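Each remark here refers to the structure printed beneath this line.
There are 2 protein chains.
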Amino acid sequence: MAQTLDDLAALSGVSRATVSRVINGGPVAEGTRRRVLDILHRTGYRPNAAARTLASGRSGVVGVVMHIDPHLLFQDPYFSQLLQGMSDALSERATAMMLWLGNRSKEETLDHILWMSLLDGVIVTAYRLEDPLVDGLLTSSLPTVLVGHRRADRSASYVDVDNVDAADAITSHLVAIGRRRIGHITGLRGTVAAEDRLAGYLRAMKRAALPVDELVVDGDFNQPSGAAGALSLLDQGADAVFAGNDATAQGALEAIRGRGLRVPDDVALAGFDDLEFAARLDPPLTTVRQGVRQQGMEAARTLFQLLEEPGEGPRRVILPTELVIRQSTAGGVVGG
Amino acid sequence: MAQTLDDLAALSGVSRATVSRVINGGPVAEGTRRRVLDILHRTGYRPNAAARTLASGRSGVVGVVMHIDPHLLFQDPYFSQLLQGMSDALSERATAMMLWLGNRSKEETLDHILWMSLLDGVIVTAYRLEDPLVDGLLTSSLPTVLVGHRRADRSASYVDVDNVDAADAITSHLVAIGRRRIGHITGLRGTVAAEDRLAGYLRAMKRAALPVDELVVDGDFNQPSGAAGALSLLDQGADAVFAGNDATAQGALEAIRGRGLRVPDDVALAGFDDLEFAARLDPPLTTVRQGVRQQGMEAARTLFQLLEEPGEGPRRVILPTELVIRQSTAGGVVGG
DNA sequence: CGGCGTATTGGAAGCGCTCTCATCCTATTG
DNA sequence: CAATAGGATGAGAGCGCTTCCAATACGCCG
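Residue numbers (this note's numbering), protein chains in the order written: chain A, 1 to 336; chain B, 337 to 672.
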């Protein structure tokens, strides 16, 4: 159990270097390789990870940083899916994942991560426009991939979806089915997603030459803010509501119903994310699907590229979104 | 940046050993310590984690293994909360967390974990009665803490709640409010939670001398299985339903409503978990609260104890649950 | 004033592995 | 048959740190 390469070498009658080559796939004569492999299996030998890391300079471990409000982590499947996607891609390359959540301040977390010097690289979720943790990682020498935020300076590697385009598309869809007083309940202000979706909404409204005036209310990505926002928009005479995400849309749906109005007949409703429940709402919700799991996988792969070809400059990946049209925005025809 | 202890030693005019002592809190004269600390901060020195691990035999990293169906991971906040709790407790001791999800087979995952020899210990979720991954970890020399399962042989350390007692309590509550045809929709058979809750239900029914006959139907912890199960139980003339968890209860609620029956008037309903939405259902759901986050913290702390006092034998922690009575099981009085 | 205990410090031996270089051996070619 | 190329292997120098042990210096007691 507590055996070393030297023990193995002695057992198989070759040098330590040769055993190491067998383990790491170096050039070894076929006969020797088989003999050593046999001993390897027989003894159940496991190399010492710390020693290999020290000697080789690579650890096979990457960090994943999700420094977010615990509340969000609990209730939004987004993060589980992202994690799952990363985990999938990492395990393909037998890479382990070290996870940091938001238990500490961003400064402390940054310190911990940098102190844990054995990471080969790090993936960090970046939702806010300003983020010292993200800045710190980017500044450090640690290869870093951002998820969810394109930095303006274009010097960072990232994986993201085009929130502006997607929001534009869904707003345009509302215009296309004949709505004129289209309101928007934003996501949490200060996050990239909320600001970009708002920008997309505004762009589409402007192109359609529709008034925006009091038709934008702030939400926070949660259900209650959707209900409150919807009530406010109804007071403004809205005939359509584009909510910052699906949870917000769900809240809005309840509020609209509470007023005795029908969706989509009186008010059309759209969300963002296409979470599982969106299709099961009554009526099923029109929304934007973003492959969250795929974002996670892509982030991991991008990091691998960074590690394999350093000096290649930043890599940027924009994943496509898909407009999912359901009954909640059914056009002239009344849907069920 | 790429500096070593020797560089630091040279800079501060002491030996490498002394610098090491300063970093690790060894005995050093106060003046020397201050001088070295100053250099340390000034240079932004970070020790090489691999080297310290190799030399000291401890890594400050523990593994967390949640080998579960991705579907569950996404939709059940249980896992996020557990993770959060562990992360909280680990970060208190500046310990990092390496995470494994269920991307691979249990055998492969086990191999990866054992191969990643730098872990100080591991926490593993154990929900199934039989689990090769759990067995493998327990057999290995890696200090291991189980979450959610008391092994019969009592040789393992674990953190768990008493599902049997809790299920007994909630069933007895249904008896106490005068119900006689009390049905149970189980969780996923083969999991400890489902079997234990079933056992608790049966125990309470037996003590109350109530018939069970066709009143147990199998579910799988998901909403649809709750709906299906409820319909079946209604056919059996059930006047109360104890669902395997809150999601199942939610499904049951919809099905009962669909039949034109009222909760709790016609059918009383109870769940398990007390997830956030349970209190927001209409009517609010009677359920069992288990401190999931606390379970996570407790698991991490148990592992710390194991690491600090090896040879102390297994540690077992049973956390309390709390019966949360709401309108869905309101007694004689009809609730809203 | 000599001796001894104690607080500090330095020296140096690893921890177990990777990887470059040098060596050796066999096969090939003219 | 000699010369040489090339593949397989071994030797050994680290990687950067912890930690045991010895050495030193200082203060105090008798």
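In this text, a Cβ means the ideal position worked out from N, Cα and C, and glycines have one as well. Since this is a predicted model, take the numbers as computed values, not measurements.
Can you name the start and end residues of the alpha helix (DSSP H) that residue i belongs to?
i, result
"Q626 of chain B", "Note, Q626 of chain B: premise wrong, no alpha helix (DSSP H); beta strand (DSSP E) at 623–626."
"V263 of chain A", "First-last for V263 of chain A: undefined, no H or E at that position."
"F356 of chain B", "Sequence check: residue 356 of chain B is Ser here, not Phe. S356 of chain B -> alpha helix (DSSP H) spans 352–360."
Note down, in chain order, each residue of its chain lying with its Cβ closer than 6 Å to the Cβ of residue i, except the 5 sequence neighbours on either side.
i, result
"L534 of chain B", "T522"
"G292 of chain B", "Residue numbering for chain B in the displayed model covers 337 to 672; residue 292 of chain B lies beyond these limits and cannot be assessed."
"G667 of chain B", "I513"
"M452 of chain B", "none"
"L110 of chain A", "L133, G136"
Can you tell me whether residue i is helix, strand or coil according to DSSP?
i, result
"V636 of chain B", "Per the sequence presented here, residue 636 of chain B reads as Ala, with Val not at that position. A636 of chain B: helix per DSSP, three-state reduction."
"L524 of chain B", "strand"
"I592 of chain B", "helix"
"D128 of chain A", "Sequence inspection shows Arg at residue 128 of chain A; the Asp mentioned does not correspond to that position. Three-state result, R128 of chain A: strand."
"G671 of chain B", "Bear in mind that a pLDDT of 34 at G671 of chain B, under 50, signals an unreliable position, so the number given afterwards is only what the model happens to contain. Of the three classes helix, strand and coil, the one that applies to G671 of chain B here is coil, per DSSP."
"D609 of chain B", "strand"
"Y381 of chain B", "coil"
"L347 of chain B", "helix"
"S155 of chain A", "coil"
"A330 of chain A", "coil"
"D6 of chain A", "helix"
"D76 of chain A", "coil"
"L482 of chain B", "strand"
"I170 of chain A", "helix"
"G396 of chain B", "coil"
"L40 of chain A", "helix"
"L281 of chain A", "coil"
"P673 of chain B", "Residue numbering for chain B in the displayed model covers 337 to 672; residue 673 of chain B lies beyond these limits and cannot be assessed."
"T475 of chain B", "helix"
"P560 of chain B", "helix"
"V364 of chain B", "coil"
"E531 of chain B", "helix"
"A430 of chain B", "coil"
For residue i, go through chain A and note every residue whose CB falls closer than 8 Å to its CB, in chain order.
i, result
"A469 of chain B", "Residue identity check: residue 469 of chain B is Leu in the sequence provided, not Ala. Per Cβ cutoff of 8 Å: no residues; L469 of chain B is ~14 Å from chain A at best."
"E612 of chain B", "F74, Q75"
"T382 of chain B", "The residue you asked about is not Thr; residue 382 of chain B is Arg in the sequence shown. Going along chain A in sequence order, the residues near R382 of chain B (Cβ under 8 Å) are L114, W115, S117."
Which partner residues does residue i have in the DSSP bridge list?
i, result
"W436 of chain B", "B:V401"
"D240 of chain A", "At residue 240 of chain A the sequence reads Ala, which differs from the Asp that was named. DSSP, once it has assigned bridges, lists A:I182, A:A268 as partnering A240 of chain A."
"G219 of chain A", "A:L188"
"D160 of chain A", "A:I318"
"L659 of chain B", "B:V624"
Locate the beta strand (DSSP E) running through residue i, then write down its first and last residues.
i, result
"I318 of chain A", "316–319"
"L446 of chain B", "Where L446 of chain B is concerned, there is no enclosing beta strand (DSSP E), although the alpha helix (DSSP H) it sits in stretches over 442–451."
"L680 of chain B", "Any question about residue 680 of chain B goes unanswered here, given that chain B covers just 337 to 672."
"V548 of chain B", "Note, V548 of chain B: premise wrong, no beta strand (DSSP E); not H, not E."
Residues of chain A with a CB under 7 Å from the CB of residue i: which are they?
i, result
"M452 of chain B", "A49, A96"
"P406 of chain B", "Q84"
"T389 of chain B", "A50"
Excluding the 5 residues flanking residue i on each side, which residues of the same chain have their C-beta closer than 8 Å to its C-beta?
i, result
"V22 of chain A", "V28, T32, R33, V36, L37, L40"
"V334 of chain A", "Interpretation of V334 of chain A is limited by its pLDDT of 37, a score under 50 that renders its predicted location unreliable; the figure taken from the coordinates is listed afterwards. Excluding sequence neighbours, V334 of chain A sits near P264, D265."
"E276 of chain A", "P77"
"L11 of chain A", "I39, T43"
"L437 of chain B", "M402, H403, I404, P406, L409"
"A94 of chain A", "G60"
Looking only at its chain, what residues have a beta carbon closer than 7 Å to the beta carbon of residue i, apart from the 5 residues adjacent to it on each side?
i, result
"V263 of chain A", "L253, I256, L269, P283, S328"
"L659 of chain B", "A505, I506, H509, V624"
"G672 of chain B", "Note that G672 of chain B has pLDDT 33, beneath the 50 cutoff, so the model's placement of it is unreliable and no number is given."
"Q305 of chain A", "R315"
"Y45 of chain A", "Q3, L8"
"L341 of chain B", "R352, V355, S356"
Please list, in chain order, the chain B residues whose beta carbon lies closer than 9 Å to that of residue i.
i, result
"H112 of chain A", "S427, A430, A432"
"L99 of chain A", "V400, L419, S423, A432, M433, M434, L435"
List the residues of chain B whose Cβ lies closer than 7 Å to the Cβ of residue i, in chain order.
i, result
"R104 of chain A", "S427"
Using a cut-off of 8 Å between C-beta atoms, extract the partners of residue i located in chain B.
i, result
"T43 of chain A", "In chain order: nothing, as chain B lies at least about 14 Å away."
"S59 of chain A", "A386"
"S225 of chain A", "Residues of chain B passing the Cβ test: none, with the nearest at roughly 15 Å."
Compute the minimum distance between the beta carbon of residue i and the heavy atoms of the ligand ATP, and state whether it is under 7 Å.
i, result
"A353 of chain B", "The ligand ATP is absent from the structure shown, which contains no ligands of any kind."
Taking C-beta pairs closer than 9 Å, name the residues in chain A that residue i reaches, listed in chain order.
i, result
"S356 of chain B", "Chain A residues near S356 of chain B: none, gap ~15 Å exceeds 9 Å."
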